[in-house]
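Number of protein chains: 4
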Amino acid sequence: MPLTAEQEAEIAAARAAPRPTLRATAPGLEAHLYTAHPVLDHGFVRVIDYMGDDAAIVQAARVSYGQGTKHVSNDEGLIRYLMRHWHSTPFEMCEIKLHVKLPVFVARQWIRHRTANVNEYSARYSILDREFYIPAPENLAAQSTVNNQGRGAVLEGAEAARVLETLKADATRAYDHYESMLSQDGQQGLARELARMNLPANVYTQWYWKTDLHNLFHFLRLRADAHAQYEIRVYAETICKLVADWVPLAYGAFADYRLGGAALSARALEALRRMLRGEEVSQESSGLSKREWREFMEILDRSS
Amino acid sequence: MPLTAEQEAEIAAARAAPRPTLRATAPGLEAHLYTAHPVLDHGFVRVIDYMGDDAAIVQAARVSYGQGTKHVSNDEGLIRYLMRHWHSTPFEMCEIKLHVKLPVFVARQWIRHRTANVNEYSARYSILDREFYIPAPENLAAQSTVNNQGRGAVLEGAEAARVLETLKADATRAYDHYESMLSQDGQQGLARELARMNLPANVYTQWYWKTDLHNLFHFLRLRADAHAQYEIRVYAETICKLVADWVPLAYGAFADYRLGGAALSARALEALRRMLRGEEVSQESSGLSKREWREFMEILDRSS
Amino acid sequence: MPLTAEQEAEIAAARAAPRPTLRATAPGLEAHLYTAHPVLDHGFVRVIDYMGDDAAIVQAARVSYGQGTKHVSNDEGLIRYLMRHWHSTPFEMCEIKLHVKLPVFVARQWIRHRTANVNEYSARYSILDREFYIPAPENLAAQSTVNNQGRGAVLEGAEAARVLETLKADATRAYDHYESMLSQDGQQGLARELARMNLPANVYTQWYWKTDLHNLFHFLRLRADAHAQYEIRVYAETICKLVADWVPLAYGAFADYRLGGAALSARALEALRRMLRGEEVSQESSGLSKREWREFMEILDRSS
Amino acid sequence: MPLTAEQEAEIAAARAAPRPTLRATAPGLEAHLYTAHPVLDHGFVRVIDYMGDDAAIVQAARVSYGQGTKHVSNDEGLIRYLMRHWHSTPFEMCEIKLHVKLPVFVARQWIRHRTANVNEYSARYSILDREFYIPAPENLAAQSTVNNQGRGAVLEGAEAARVLETLKADATRAYDHYESMLSQDGQQGLARELARMNLPANVYTQWYWKTDLHNLFHFLRLRADAHAQYEIRVYAETICKLVADWVPLAYGAFADYRLGGAALSARALEALRRMLRGEEVSQESSGLSKREWREFMEILDRSS
């Protein structure tokens, strides 16, 4: 993910000149502004702007004239209460704008979260860079044998080498042909909006992505989850760290109630109550399906 | 709209302490932050926070690393192009958060704009203030005789006096009874979530309202329009002035293309082309309905 | 909620003439179409239209050419899997359109759910009916002493009588004045868009409300909840019954995983695991706050 | 776009069994249900379901108990009024669900319209078909020399042949390698969620896409426009024909006011008024930029 010297200079310039503002500021996030946090082999996440902080959540919940409560402990209690009881609108009062560089197949998952504002680099208008995601060997996984929608063991030996070689060669060739079709050297040159169709889904794109904190938490809950595809999960995990520095109280509540929490069905609750009363409960007697029972057992046993 | 001394003090405190930030700042809007711009008899609009400026629109449109273009004139040209061709996503990259005090019947129109974040003062949880909108005499209008959904001449004489007296007396009585039903002095006291049902639609409520610039422009186009009800239009007009100070280039494009512009149908365009060729075109020969023709004539004749 | 004879006739006419369609139909919901299910003293819920059924959820999840799976049991397993794992998009493929008559203060809560389409009866354009919500004696509750946002014991004796009398008298007077201000008999007549401001929040309004099943479930989870205000909860409960007849498999999954289920935080899960290992866990040793502990105990003890 | 025999049989089965319904039906659209309208070389649009018709728009605008007005001419006048004055909510009361097969690079543009429900065929879960978009010779265009975001003349001769050959060969090779990486024959087999990254953007995907009529019109206005990329425009044009058969009055209003209409800025209106008064107006004296003037002249001259 090497930025060009010009890009580095633009970032340095933006970071060099603090300006006075009367708005709420979050020093923990100011420290990250504009710098590129690397993700995967060529991707990054950069915070471009933000609105609000923990106190702004409290202030909105109270529709107050001032700045939240007098005591941080009160703010924390209220924020945890709001999170616990699904009062989502105060969290919507914080907003963040990110610049993200990511492979197209990750972008296609990401864009499914509709409650966000997006400006993507246009391959109708511009020419994409020669950058492709090639998995690190430890992320080159076989199809899962138990989950149609997941991956299993890491590929080994000759097969791994073959796959890596194929991915690299096909991407390189596709990009060479993209360039040669676009070229106006001795020929008309294919329209950019058509030439892009030759590029594979591991080519990198980039966008500005802006969302509010409530919808960001929803995104992070789904995408920082262990079942999310690795290649989007690493973006979510990077963003989690940024959010923890931005709104530490809200992030703490999110981590406790959502990321680390679990939802139990009415049937599972009933089984649980019987277990707590000392009854022996089996999958059969629980009314849960085998798959539900397995997931239920994982919830009860997993380390925090 | 007199704020309490405590509220004034909170606002003064918030305005007293500028903090350094690396984010984009809009000096024109910083000057307005937190201060209450009066609207109607007890309402106001206060800017609580904002994200982005004109350069941020350009920056997002280009998915750039730096700060828009080198020259303001280039920024303006690009912003006008985006507005003209309905490229709405770059405008979504700016966000504003307002604290608004407004009568409930205005709030009911306002909330129909769904693409915004709202936290309203809760009358389940809290007790509303004794404040009601009573129209100024010059805004006490009769039902329009030509438009089912509009107002006509100003009420005069005894009728005007009667209406004002009725509105005041009913609001006062309703609030007195609200208070007496809530009272726990010698009785149980009705639940706040029930007692509020006795209050009329001109009681004031307040909320935090946050939206992006694209959706704000949509709101302003509909609500700053001459056909909007006066009582919401004055809020829209107040916000227009704030936006002009925040993002002057974008607001200029909006004023030219949307607020001051007009949409013509295919039939109207055809009539127009004939007129420009020197043909005499009448309502009958235009294919437009009488009402469409009247609106068409207004567009062609109205002063800019 | 007596409909007029003309309204009854319109409903009867709409119900009299089945037409052939190739679309998915839900016989359980066809039986309810257009009929008004009474809610509160003058309100109702009427199903105007719907799109899709249980099989349509399966069909969309599979992006299939045909009609879901061969066996209902497979459909149920898939639908429960989708619900359990928060795969919300297949549920968005069903849509329902309701005609609802409801008090304004209920409408103001309801409209906060933004992901829906709404057409409300316009009090700018039309004159509202003389209908107000007056609580039944058993729903006339005092303010809760433990929950700022809730109600406690039922009002009794003279206080109850006083409150009912006040609500009725104020509503009647407000409506009388609304009519007299509107009147064009010997006077100009106040604009409808202004006169409405005199009406209290228990006046009935009505709207067409259309939403997809995923967002409807979200609405029902919050509004059929025991903590929701009674006056909106009865609407949610009426809709629950309609949905159970429309998409029985999806509703069954919703009832099990959402309505009857519970979310546990990471801390609560850790306490639970300790309890299941036979440890004695107290509020203090759990890391939960007193309020969280109380809610946790309620989850573990409540009857299914 | 040859469907398999099994798919054809499923479609035939769905079309063979009309069922009675009390809902609004649109005979013009019933005739299209489930059949695949071909678009591009392998794509299609199929109507899966719909809700509402022209009368439903009128009914919602009036919040009525019955079925719109007595006379179609009244319905048309109201629908045209609603369209002209941007009253969008009644159009939101109609909904349509489509099954679309389309190249990934078209899907990436399409998904930017966020106010819709989508279920896409999952390449994490399933294996994509060997189908790629290869432009017909007459659509193989050079980059525009005047518009960075558009295409110009058709490619000719050897260059055209070269491009077609490249697109076909690269797609074929990419798919061959996709299959061989997935294969579990003598090797572990790469995870599907990874293997898909090797496929180019002209591979076909498919999805269920559901939206309301207001948002569909917005989509069609932008994507059936002459400036839209050809490959998405043909989908929009196909949908236009379906909508014209579904809601002929609403579509007629849309075609007149939006598709065939034009928006003029305040400056353009001022220039127009001067022209109609007989003044000679030039680009310089109009206050319009060169580009705006050119677009303005196109609006005034273009044939209807």
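Protein chains in written order, with numbering that gives the first Met the number 0: chain E, 0 to 303; chain Y, 0 to 303; chain F, 0 to 303; chain B, 0 to 303. Glycine residues also receive a C-beta, built at the ideal position from the N, C-alpha and C atoms. In this text, all values refer to a predicted model and were calculated from it rather than measured experimentally.
Work out the CA separation of residue j and residue i for me, nearest whole Å.
i                       : j                           : result
glutamate 278 (chain B) : methionine 296 (chain Y)    : 18 Å
glycine 188 (chain Y)   : tyrosine 234 (chain F)      : 26 Å
proline 134 (chain Y)   : leucine 181 (chain F)       : 16 Å
histidine 41 (chain B)  : threonine 204 (chain B)     : 10 Å
alanine 159 (chain B)   : valine 246 (chain E)        : 56 Å
serine 87 (chain F)     : serine 288 (chain B)        : 48 Å
glycine 259 (chain Y)   : phenylalanine 104 (chain B) : 37 Å
glutamine 142 (chain Y) : alanine 122 (chain F)       : 12 Å
serine 303 (chain E)    : isoleucine 238 (chain B)    : Any reading at serine 303 (chain E) must be qualified, since the residue scores a pLDDT of 34, below 50, and its modelled position is unreliable; the value itself is stated next. Answer to the nearest angstrom: the Cα atoms are 52 Å apart.
aspartate 52 (chain E)  : proline 102 (chain Y)       : 29 Å
alanine 249 (chain B)   : alanine 252 (chain E)       : 48 Å
alanine 23 (chain E)    : arginine 45 (chain E)       : 20 Å
arginine 18 (chain E)   : arginine 222 (chain Y)      : 34 Å
arginine 172 (chain B)  : arginine 107 (chain B)      : 23 Å
glutamate 164 (chain B) : alanine 170 (chain B)       : 10 Å
According to DSSP, is residue i helix, strand or coil?
i                       : result
alanine 35 (chain E)    : strand
aspartate 244 (chain F) : helix
glutamine 183 (chain B) : coil
serine 303 (chain E)    : Reliability fails at serine 303 (chain E), whose pLDDT of 34 lies under 50, so the model's placement of it is uncertain and the value that follows must be treated cautiously. DSSP places serine 303 (chain E) in coil when its eight states are reduced to three.
valine 62 (chain F)     : coil
glycine 151 (chain Y)   : strand
glutamate 94 (chain E)  : strand
aspartate 128 (chain E) : coil
glutamate 29 (chain E)  : helix
glutamine 108 (chain B) : helix
isoleucine 47 (chain F) : strand
threonine 165 (chain Y) : helix
leucine 198 (chain B)   : coil
arginine 113 (chain Y)  : coil
For chain E, check one thing: does any of its Cβ atoms lie closer than 8 Å to the Cβ of residue i?
i                       : result
serine 303 (chain F)    : At serine 303 (chain F) the pLDDT is 34, less than 50, meaning the model places this residue with poor confidence; the figure from the coordinates comes in the next sentence. True, the Cβ-Cβ gap to chain E drops below 8 Å.
glutamate 137 (chain B) : no
valine 105 (chain Y)    : no
arginine 195 (chain B)  : yes
alanine 261 (chain F)   : yes
alanine 145 (chain Y)   : Contrary to the premise, residue 145 (chain Y) reads as valine rather than alanine in this sequence. Judged by the 8 Å Cβ criterion, valine 145 (chain Y) is not in contact with chain E.
Does the beta carbon of residue i sit closer than 8 Å to a beta carbon anywhere in chain F?
i                     : result
leucine 215 (chain B) : no
proline 19 (chain B)  : yes
valine 162 (chain Y)  : yes
leucine 221 (chain Y) : no
Give the interface partners of residue i over in chain A, defined as CB-CB distance under 7 Å, in chain order.
i                       : result
histidine 176 (chain B) : Of the protein chains in this structure, namely E, Y, F and B, none is chain A.
For residue i and chain B, any beta-carbon pair shorter than 8 Å?
i                      : result
tyrosine 49 (chain Y)  : no
threonine 24 (chain F) : yes
aspartate 53 (chain Y) : no
valine 62 (chain F)    : yes
Throw me the rounded Cβ distance for the residue i and residue j pair, which I believe falls under 8 Å.
i                       : j                      : result
leucine 241 (chain F)   : histidine 31 (chain F) : 6 Å
lysine 209 (chain B)    : glutamate 94 (chain B) : 7 Å
aspartate 255 (chain E) : serine 264 (chain F)   : 5 Å
Can you confirm whether residue i, when its beta carbon is compared against all beta carbons of chain Y, has any partner nearer than 8 Å?
i                    : result
serine 264 (chain B) : yes
Closer than 9 Å, Cβ to any Cβ of chain F: which residues of the segment 225-245 of chain E, in chain order? His226
Chain-ordered residues of the segment 120-132 of chain B with a beta carbon less than 9 Å from chain E: Ser121, Ala122, Arg123, Tyr124, Ser125, Phe131 and Tyr132
Chain-ordered residues of the segment 79-91 of chain Y with a beta carbon less than 8 Å from chain E: Thr88, Pro89 and Glu91
Any residues in the segment 269-301 of chain Y with a beta carbon nearer than 9 Å to a beta carbon of chain B? Which ones, in chain order? Glu269, Leu271, Arg272, Met274, Leu275, Ser288, Arg290, Glu291, Glu294, Ile298, Leu299, Asp300 and Arg301
Going along the segment 197-213 of chain B in order, which residues come within less than 7 Å of chain F, judged by CB to CB distance? Gln205, Trp206, Tyr207, Lys209 and Asp211
Give the residues from the segment 32-44 of chain F that approach chain B closer than 8 Å (Cβ to any Cβ), ordered along the chain. Leu32 and Tyr33
Mind checking the segment 179-194 of chain Y against chain F and listing, in chain order, the residues whose C-beta falls within less than 7 Å of any C-beta there? Met180, Gln186, Gln187, Gly188, Leu189, Ala190, Arg191, Glu192 and Leu193
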